[in-house]
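The next block holds one structure in the form of C-alpha cells; read it before the comments.
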Amino acid sequence: MTTTSATTTALTHIAQLVTNDPALGEGPLGLIRDAAVVIDGDRIAWVGPSGKAPATDNAVDAGGRAVLPGFVDSHSHLVFAGDRTEEFNARMSGRPYSAGGIRTTVAATRAAGDDVLRANVARYLAEGLRQGTTTQETKSGYGLTVEDEARALRIAAEQTDEVTFLGAHIVPPDYADDPAGYVDLVTGPMLDACAPHARWVDVFCERGAFDGDQARAILTAGAAKGLVPRVHANQLGHGPGVQLAVELGAASADHCTHLTDADIDALAGSETVATLLPGAEFSTRATWPDARRLLDAGATVALSTDCNPGSSFTSSMPFCIALAVRDMGMTPDEAVWSATAGGARALRRTDVGRITPGARADLALLDAPSHVHLAYRPGVPLVSAVWHKGVLV
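Just so you know, the sequence shown maps onto residues 466 to 858 in this note's numbering.
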C-alpha cells in the first residue's frame, strides 16, 4: 500500500462494515463481516477482511461493533433564530394556534445578529456530527429580504459546502399583496446577491407558498446563475412540484408525501431523488410518505432530518431511520442506505455516503454489532465515535 500522509490508521475487528458498494461485500449495502478499514489522511485507502489489513501507523480495535458511512443529511434549515415551542405545544395539545408559523421565525431571524446566527448553525452542525452526520446541507429562507438571505447564505457557507438559496420559502408579509413582485425580487436582486454563496436553488412549491408557474420561474432563474434546482414538493397535498422537479432535472424532490402514480413513474424514470423527511410527519402528525411505493417502483430514495424550528426540530438521522422503518415501510437496510448513499445521490456527491477506497474518510462507529440496531433500538445514542475527513471527532 502506498501512503501519502504522515499517519495512517486502521479500524479493525469491525463486526459489520457497511460500504454501500455491492462489489465489496454482500447485498446493496456491500456488507463485510469481521472487516477493517484503513484511513490515509482524509481518504479511505483500503477496505477488506480484518485479518488482511495492511500495516498502519495507528490501529483502533472496533471490538466487534458496526461501522457505516457518516450520514448525509441533504435537507435542513439551520440558519435561524428563536424557536416555536408554543406552536408545537399547542399542536400536540390539540389547541388552535395562529402565531404565524414561518413568519415568526422570519421576524426572529431578521432581528438576530450575525454572531447569534453563526453560533446557532455551529450548534446544530455539532449536534448532528455527534450523531454521525458528516455531510450537511442547509438552506436560507428565514430572511426573505435581499440582505437577510445573502447574510444567511454567507454564514452557512462558512461552515458547510452544501448551501441552498431558498428565498422562495414563503411570500413574506411585506409582499402579501404583491406575490408577483416578490417573485421578481427573488429572481432578480435577491438571486444576484445570493448566488455567489450557494450551490443550489430551492422553492416551496405548495398551495399557500408558490404555484407551479412561480416555481418554474424561480428555478430556471437560479439555474441560469449556475445553481442546481431542488424542490420542496408534494408535502401538504397533490401538486405540480414533483413533475416540475423531474422536468427541470432537479437533484431532488423533497417531502414527496402526496404522490400520484404519474409522480411515482416520473421519479422512477429520472435521476431526481425522492428525499423523505419523516421528522416533519412525526412533528406535525401528518400522513407518512409511502417509501415502499417509491422503492418498489425503482425510485431513488434519500432520508433527511428537515431540521427546522417549526415542523421538524431534530438533527438526528438515527431517529429518522427508526421512523422510516417503523412508519414508512422501509427495511433497516433500505433506511441506512437512504440516509447515507441516498443523501449523497441527492447532493450529487460520489465522495461521501460510502466506505470505499478513494472516498472521503467519514465513518460512524456504533455501540452495536449491526446497523440494524439503529431501528431496533430507537432513541438510544448508539453512535460512539465519528471520523470526519479522517479525523476522529
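C-beta: ideal position from N, C-alpha, C; glycine also.
With distances taken between CB atoms, is the gap from residue i to residue j smaller than 8 Å?
{"i": "Val537", "j": "Ile820", "result": "no"}
{"i": "Ser539", "j": "Leu812", "result": "yes"}
{"i": "Pro654", "j": "Val571", "result": "no"}
{"i": "Thr603", "j": "Ala621", "result": "yes"}
{"i": "Leu741", "j": "Ala789", "result": "yes"}
{"i": "Leu476", "j": "Ala527", "result": "yes"}
{"i": "Gly794", "j": "Val766", "result": "no"}
{"i": "Ile629", "j": "Ala682", "result": "Correcting the residue identity first, residue 629 is Thr in this sequence and not Ile. No, Cβ-Cβ distance for Thr629 and Ala682 is not below 8 Å."}
{"i": "Leu724", "j": "Val696", "result": "no"}
{"i": "Ser605", "j": "Leu590", "result": "no"}
{"i": "Pro495", "j": "Val851", "result": "The sequence shown places Gly at residue 495, rather than the Pro named in the question. Not closer than 8 Å, so no."}
{"i": "Gln828", "j": "Val532", "result": "It is worth fixing the name first, because residue 828 is Leu in this sequence and not Gln. Yes, these two residues count as a Cβ contact at 8 Å."}
{"i": "Ala733", "j": "Ala764", "result": "yes"}
{"i": "Phe553", "j": "Ser781", "result": "no"}
{"i": "Val858", "j": "Leu594", "result": "yes"}
{"i": "Gly578", "j": "Val848", "result": "no"}
{"i": "Cys785", "j": "Pro743", "result": "yes"}
{"i": "His703", "j": "Phe669", "result": "no"}
{"i": "Asp730", "j": "Ala751", "result": "no"}
Whole angstroms are fine: how far does the CA of residue j sit from the CA of residue i?
{"i": "Pro705", "j": "Pro514", "result": "48 Å"}
{"i": "Met557", "j": "His720", "result": "21 Å"}
{"i": "Asn485", "j": "Ala824", "result": "11 Å"}
{"i": "Leu701", "j": "Asp728", "result": "15 Å"}
{"i": "Arg791", "j": "Ser776", "result": "20 Å"}
{"i": "Lys854", "j": "Gly506", "result": "8 Å"}
{"i": "Glu612", "j": "Ala809", "result": "31 Å"}
{"i": "Gly691", "j": "Leu713", "result": "13 Å"}
{"i": "Val711", "j": "Gly529", "result": "43 Å"}
{"i": "Gly566", "j": "Pro783", "result": "27 Å"}
{"i": "Pro661", "j": "Gly516", "result": "49 Å"}
{"i": "Thr469", "j": "Glu614", "result": "Caution applies to Thr469, whose pLDDT of 46 falls short of 50 and renders its modelled position unreliable; the value that the coordinates give is listed next. Rounded to the nearest angstrom, the two C-alpha atoms are 41 Å apart."}
{"i": "Leu830", "j": "Val837", "result": "13 Å"}
{"i": "Leu684", "j": "Gly490", "result": "40 Å"}
{"i": "Arg583", "j": "Leu631", "result": "18 Å"}
{"i": "Tyr647", "j": "Leu709", "result": "20 Å"}
{"i": "Ala715", "j": "Asn523", "result": "43 Å"}
{"i": "Pro843", "j": "Cys659", "result": "39 Å"}
{"i": "Ala665", "j": "Glu627", "result": "According to the sequence shown, residue 665 is Trp rather than Ala. Roughly 8 Å separates the two Cα atoms."}
{"i": "Ala573", "j": "Glu671", "result": "24 Å"}
{"i": "Leu839", "j": "Pro754", "result": "20 Å"}
{"i": "Asn773", "j": "Thr569", "result": "13 Å"}
{"i": "Thr625", "j": "Arg814", "result": "14 Å"}
Whose CA, out of the options, lies closest to the CA of residue i?
{"i": "Val508", "options": "Ser849, Ala850, Val696 and Ala826", "result": "Checking the sequence, you will find Arg at residue 508 rather than Val. For Arg508, the nearest C-alpha among the options comes from Ala826."}
{"i": "Arg560", "options": "Glu551, His838, Val738 and Asp626", "result": "Glu551"}
{"i": "Ser769", "options": "Gly763, Asp761 and Thr779", "result": "Thr779"}
{"i": "Ala680", "options": "Val651, Cys659, Pro661 and Asp657", "result": "Val651"}
{"i": "Phe545", "options": "Ile504, Arg588, Ala555 and Pro519", "result": "Arg588"}
{"i": "Pro542", "options": "Asp678, Ala800, Gly492 and Ala745", "result": "Before going further, note that residue 542 is His rather than Pro in the sequence given. With distances taken between Cα atoms, His542 lies closest to Ala745."}
{"i": "Pro735", "options": "Arg750, Ala718, Thr749 and Leu724", "result": "Here residue 735 is Ser; the residue named in the question, Pro, does not match the sequence. If we check each option's Cα against that of Ser735, Ala718 comes out closest."}
{"i": "Ala501", "options": "Val512, Glu491, Pro493 and Gly492", "result": "Val512"}
{"i": "Val693", "options": "Asp667, Ala531 and Ala739", "result": "Asp667"}
{"i": "Ala576", "options": "Thr610, Ala555 and Arg814", "result": "Thr610"}
{"i": "Arg616", "options": "Asp580, Gln596 and Tyr640", "result": "Asp580"}
{"i": "Trp802", "options": "His478, Thr472 and Pro493", "result": "Pro493"}
{"i": "Ser835", "options": "Asp499, Thr474 and Pro487", "result": "Asp499"}
{"i": "Arg757", "options": "His703, Pro797, Thr737 and Glu623", "result": "Pro797"}
{"i": "Gln481", "options": "Phe669, Ile497, Thr752 and Tyr640", "result": "Ile497"}
{"i": "Ala488", "options": "Val525, Ala833 and Pro822", "result": "Pro822"}
{"i": "Ala688", "options": "Gly677, Gly673, Phe675 and Leu656", "result": "Leu656"}
Ends of the alpha helix (DSSP H) at residue i?
{"i": "Val525", "result": "Where Val525 is concerned, there is no enclosing alpha helix (DSSP H), although the beta strand (DSSP E) it sits in stretches over Asn523 to Pro534."}
{"i": "Trp753", "result": "No alpha helix (DSSP H) holds Trp753; DSSP gives it neither H nor E."}
{"i": "His478", "result": "Unbroken run through His478 is the beta strand (DSSP E), Thr473 to Leu482; no alpha helix (DSSP H)."}
{"i": "Leu839", "result": "His838 to Tyr841"}
{"i": "Asp612", "result": "Checking the sequence, you will find Glu at residue 612 rather than Asp. Residues Val611 to Ala622."}
{"i": "Ala811", "result": "Gly808 to Ala811"}
{"i": "Val790", "result": "Met782 to Asp792"}
{"i": "Ser558", "result": "Thr550 to Ser558"}
{"i": "Ala800", "result": "Pro797 to Trp802"}
Which stretch, first to last residue, makes up the beta strand (DSSP E) that contains residue i?
{"i": "Asp505", "result": "Ile497 to Asp505"}
{"i": "Glu602", "result": "Thr598 to Lys604"}
{"i": "Val696", "result": "Val696 to Ala698"}
{"i": "Glu627", "result": "Glu627 to Ala633"}
{"i": "Arg508", "result": "Arg508 to Pro514"}
{"i": "Ala520", "result": "Unbroken run through Ala520: none, as it is neither H nor E."}
{"i": "Val766", "result": "Val766 to Leu768"}
{"i": "Ala546", "result": "Ala546 -> no beta strand (DSSP E), and no H or E assigned at all."}
{"i": "Ala850", "result": "Val848 to His853"}
{"i": "Leu489", "result": "Careful: Leu489 lies outside any beta strand (DSSP E) and carries neither H nor E."}
{"i": "Leu831", "result": "Leu828 to Leu831"}
Is residue i near the ligand GTP, judged by its Cβ being under 7 Å from some heavy atom?
{"i": "Glu712", "result": "This structure lacks the ligand GTP, and indeed carries no ligand of any kind."}
### Query
What are the start and end residues of each continuous alpha helix (DSSP H) run of 4 or more residues lying completely inside the segment 706-744, in chain order?
706-712 and 726-733
### Task
May I have a chain-ordered list of the alpha helix (DSSP H) segments no shorter than 4 residues that lie completely inside the segment 640-682?
644-650 and 656-659
### Task
Report the residue ranges of all alpha helix (DSSP H) runs contained in full by the segment 562-593; include only those spanning at least 4 residues, in chain order.
567-576
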